[in-house]
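Going down the list, the protein sequences come from chains C and W. For the first sequence, the positions run 2 to 454 when this note's numbering is used. For the second sequence, the positions run -16 to 62 when this note's numbering is used. We put the beta carbon where it would ideally sit given N, CA and C, even for glycine. Note that the structure is predicted; figures quoted are calculated from it, not measured.
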Amino acid sequence: MGLIKRIKEIESFQIIDEVSGKRYKFNDLPEVSWASESQGLVFCYLDNSFESISFLLKALESRHVLVLLSKTLSNNFKDALEGIYFPNYIFDASRSEISTYTKIGSVLYYKISVKQHVLHSDLKVLLSTSGTTGSPKLVKLSERNLLTNAEAIAAYLPISNTDIVPLNLPVHYSYGLSVLTSNAISGATVCAGSLDVMSKGFWENFQKYQYATIAGVPYVYEMLDRIGFTKMDLPSLRYFTQAGGKLRDDLVKKYGTYAIEKDKLFYVMYGQTEATARMSYLDPSALLTHIGSIGKAISGGRFKVHPETSELLYEGPNVFGGYAETLEDLGSFEAPDFLNTGDLAIIDENGFIFITGRSKRIAKVFGNRINLDELESYVSQHFSDYFACVGWQDKTIVIFSTNDHCQPKDIIDWLSKEYKLHPSSFKVMSIQSFPLTANGKIDYSTLTRAYDN
Amino acid sequence: MENNQKLVHAFHEALGIDSNLIKDNLTYQSIPEWDSISHMILISQLEEDFNVSIETDDVIDLSSFKKAREILIKLGINF
């Protein structure tokens, strides 16, 4: 059964447009006039406005294959991605025209593709492995992936069909998308156009609409801590969820204690775009006795730890159908037997999983997953020199440089513009020469230690 | 440094924008550079530069350059 078919059967599902205050049932959503009957590839540059959410749902209902991306992606990245995948349709409110495309809706563009797309019949949605970098590497997901993961999430979260849920995370991001899908199939009401938690308006709307829940990546919980969330009077809040990276243990404890005192439920969860979104959650009743754990697998999923590498492996119906990096990759859809999470883990005697490290070269900065090898080649290409990059404490990306004609400020300014990340996310460190490992590769652990000092 | 200049400098550092863009009518989220992340950085910058502690309510209330000055005045900084 399809995801949208399921959502349409749920009578109570509604979307509130916080900007206009209007409420919509699925059948009230504005129709999208596609230019052609045939199946095509649709690039959806989204924000969380009603227009975006409505388009996303109607596009999911259509027979097209969708690539979900951020509206704020830089134009360079947009051009590069479009040059690889040749979308037939582009939904983008941030551009008033797109060269070689015809405008067929207020923000919808169309072109008969010069390339013949071969789209695998299981392929429905592609998500970026990183929200901001415009990496051409996309995660291939089927409608079954989306539906089974939404069902597994709805099975453990206390979602009620009377809930009103802000979409305060981007829907082009797997966690944000899962908030939409899991609440929609449960018949809750979602709010489009929600503000971010640092806006006064968010808290005014919290009271106005009586939000039942909040979802956040670690830095959202850092912000909530700074604005005294645990001291606020929020009677409508029943539960709140955290995923998208490791939250500091002391904050897990603080929020967990708050939840018990105020009779709310706090869910620490773990997932990855390659698993559609969710792989595990920690039951709130076990939270305070298992701080730092990602809990246990969701229903239908199973973990094991590789006996030699300690890498955490996952299997379940939500495991993706492989990556796409070229147009040809859209013609295949093959789920691996096990998903290599790239995280190192141990499982305790009671089955609780603890992440102990990371095997892939990935940094998380303000909730954005950054592939360090990609960033390294991107910055090296732009400045025509070789740079080495490491992530430091999931806060900073350190760029090591062996020349002095590239000004650190220029590198940081350029990176923060391209990646849409705050300049303080990057540090440039100059070194004499790059340390190498025995087999002649850059020795990143020595570089990390050099920055530590 | 005179306090108004110091305030402009704090905004310039935290938001990474040109000083001539920093005026009373500059508001939170009116420009892409002033988002939730840079807002957190701005709050820390103001606390450090003016040696004050900004209360939780004021963190959200500080939604414009003008408002920042008002909050600092409330905390005993003279402009």
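Original post:
Hey, is Ile14 (chain W)'s beta-carbon within less than 8 angstroms of any beta-carbon in chain C?
Top reply: Among the CB atoms of chain C, none fall inside 8 angstroms of the CB of Ile14 (chain W).
**OP:** Using a Cβ cut-off of 7 angstroms, pull out every chain C residue sitting near Thr66 (chain W), in sequence order please.
**Re:** Outside the displayed span of chain W (-16 to 62) sits residue 66 (chain W), for which this structure offers no information.
**OP:** Could you work out which residue in W:Ile54, W:Ser2, W:Phe62 is closest to Glu63 (chain W) when comparing CA atoms only?
**Re:** Residue 63 (chain W) is absent from the model: chain W starts at -16 and stops at 62.
Subject >> Boundaries of the beta strand (DSSP E) in which Asp93 (chain C) is found, first to last residue >> reply: Asp93 (chain C) -> beta strand (DSSP E) spans 90 to 93.
Subject >> Met23 (chain W), buried or exposed, once every other Cβ within 10 Å from all chains shown has been counted against 16 >> reply: Met23 (chain W) is buried by the Cβ-count criterion.
Original post:
Are there 16 or more other CB atoms within 10 angstroms of the CB of Pro219 (chain C), so buried, or fewer, so exposed?
Top reply: Answer is buried; the Cβ neighbour count reaches 16.
**OP:** Report the rounded CA-to-CA distance for Gln40 (chain C) versus Ile5 (chain C), giving the unit in angstroms.
**Re:** The alpha-carbon atoms of Gln40 (chain C) and Ile5 (chain C) are separated by roughly 17 angstroms.
Original post:
Using the C-alpha atoms, what's the distance from Thr258 (chain C) back to Met233 (chain C)?
Top reply: Taking the straight line joining both Cα atoms gives about 14 angstroms.
Original post:
CB Gly246 (chain C) to CB Gly84 (chain C), shorter than 8 angstroms?
Top reply: Going by C-beta atoms, Gly246 (chain C) is not nearer than 8 angstroms to Gly84 (chain C).
Original post:
Are there 16 or more other CB atoms within 10 angstroms of the CB of Leu142 (chain C), so buried, or fewer, so exposed?
Top reply: Buried is the call here.
Original post:
With 16 other CB atoms within 10 Å as the buried threshold, where does Glu38 (chain C) fall?
Top reply: In this structure Glu38 (chain C) is exposed. Its beta-carbon is surrounded by fewer than 16 other beta-carbon atoms within 10 angstroms.
Subject >> Cutoff 7 angstroms; reference Glu62 (chain C); Cβ partners in own chain excluding five residues on either side >> reply: So the list reads Ile5, once near-sequence residues are dropped.
**OP:** Using a Cβ-Cβ cut-off of 8 angstroms, state whether Asp44 (chain W) counts as contacting chain C.
**Re:** Cβ-Cβ to chain C under 8 angstroms: yes for Asp44 (chain W).
**OP:** Go to Tyr157 (chain C), then tell me how far its beta strand (DSSP E) extends in each direction, as first and last residue.
**Re:** That residue, Tyr157 (chain C), is in no beta strand (DSSP E); its alpha helix (DSSP H) goes 144 to 157.
Original post:
Using 8 angstroms as the Cβ pair cut-off and three pairs as the minimum, do the segment 285 to 292 of chain C and the segment 253 to 269 of chain C touch?
Top reply: Contact between the segment 285 to 292 of chain C and the segment 253 to 269 of chain C is present, because at least three Cβ pairs lie under 8 angstroms.
Subject >> Contact set between the segment 53 to 79 of chain C and chain W, restricted to residues whose Cβ is under 9 angstroms from the partner >> reply: The residues in question are Thr73.
Original post:
Counting contacts by CB-CB distance shorter than 8 angstroms, is Phe367 (chain C) in contact with chain W?
Top reply: Residue-level contact check: Phe367 (chain C) touches chain W, since one or more beta carbons of chain W fall below 8 angstroms from its beta carbon.
Original post:
To the nearest angstrom, how far is it from the Cα of Val108 (chain C) to the Cα of Val172 (chain C)?
Top reply: Whole-angstrom Cα-Cα distance: 18 angstroms.
**OP:** Label Asp197 (chain C) either buried or exposed according to how many other C-beta atoms from any shown protein chain fall within 10 Å of its C-beta, with 16 as the threshold for buried.
**Re:** With 16 or more Cβ atoms within 10 Å of its Cβ, Asp197 (chain C) is classed as buried.
Subject >> Inter-residue Cα distance where the pair is Leu57 (chain C) and Val68 (chain C) >> reply: In a straight line, the C-alpha of Leu57 (chain C) is about 10 angstroms away from that of Val68 (chain C).
**OP:** Using a Cβ-Cβ cut-off of 8 angstroms, state whether Pro456 (chain C) counts as contacting chain W.
**Re:** Residue 456 (chain C) is absent from the model: chain C starts at 2 and stops at 454.
**OP:** Could you check what DSSP says for Met224 (chain C) in three-state terms: helix, strand or coil?
**Re:** Reduced to three states, the DSSP call for Met224 (chain C) is helix.
**OP:** Along the alpha helix (DSSP H) that carries Gln273 (chain C), what are the first and last residues, could you check?
**Re:** Element bounds for Gln273 (chain C): n/a, residue is neither H nor E.
**OP:** With 9 angstroms as the limit, tell me which residues of the segment 269 to 284 of chain C have their beta carbon closer than that to any beta carbon of chain W; keep them in chain order.
**Re:** Correct list: empty, as no residue qualifies.
Subject >> Rounded straight-line distance, which links the Cα of Ile11 (chain C) to that of Gly229 (chain C) >> reply: If you draw a straight line from the Cα of Gly229 (chain C) to the Cα of Ile11 (chain C), it comes to about 37 angstroms.
Original post:
What are the boundary residues of the alpha helix (DSSP H) that Gln12 (chain W) is part of?
Top reply: Going by DSSP, Gln12 (chain W) is part of no alpha helix (DSSP H) at all; its letter is neither H nor E.
Original post:
From the DSSP output, which residues share a beta bridge with Asn369 (chain C)?
Top reply: Looking at the DSSP assignment, Asn369 (chain C) forms a beta bridge with C:Val366.
Subject >> Own chain partners of Ser53 (chain C) with C-beta closer than 6 angstroms, once the 5 adjacent residues on each side are dropped >> reply: Hits under 6 angstroms: Leu47.
Original post:
Applying a beta-carbon distance threshold of less than 9 angstroms, which residues of chain W neighbour Trp204 (chain C)?
Top reply: The contacting residues are Ile43.
Subject >> Nonlocal neighbours in the same chain, by C-beta distance under 6 angstroms from Ser431 (chain C), ignoring five residues either side >> reply: If you ignore the 5 residues before and after Ser431 (chain C), its C-beta comes within less than 6 angstroms of the C-beta of Ser402, all in its own chain and listed in chain order.
Original post:
Just to confirm, are Phe51 (chain C) and Ala193 (chain C) a CB contact at a threshold of 8 angstroms?
Top reply: In this structure, Ala193 (chain C) lies closer than 8 angstroms to Phe51 (chain C) by Cβ.
Subject >> Short Cβ contact (8 angstroms threshold) for Ser114 (chain C) with Asn89 (chain C) >> reply: Contact: yes.
Original post:
Applying a beta-carbon distance threshold of less than 9 angstroms, which residues of chain W neighbour Gly229 (chain C)?
Top reply: Going along chain W in sequence order, the residues near Gly229 (chain C) (Cβ under 9 angstroms) are Glu38, Thr39, Asp40, Val42.
Original post:
DSSP beta-bridge partners for Glu377 (chain C)?
Top reply: Answer is none; Glu377 (chain C) lacks a bridge partner.
Subject >> Neighbour flag for Lys265 (chain C) against chain W, beta carbons, 8 angstroms >> reply: Among the CB atoms of chain W, none fall inside 8 angstroms of the CB of Lys265 (chain C).
Original post:
Are Ala364 (chain C) and Ile354 (chain C) closer than 8 angstroms when you measure CB to CB?
Top reply: Cβ distance not < 8 angstroms, so Ala364 (chain C) and Ile354 (chain C) don't count as in contact.
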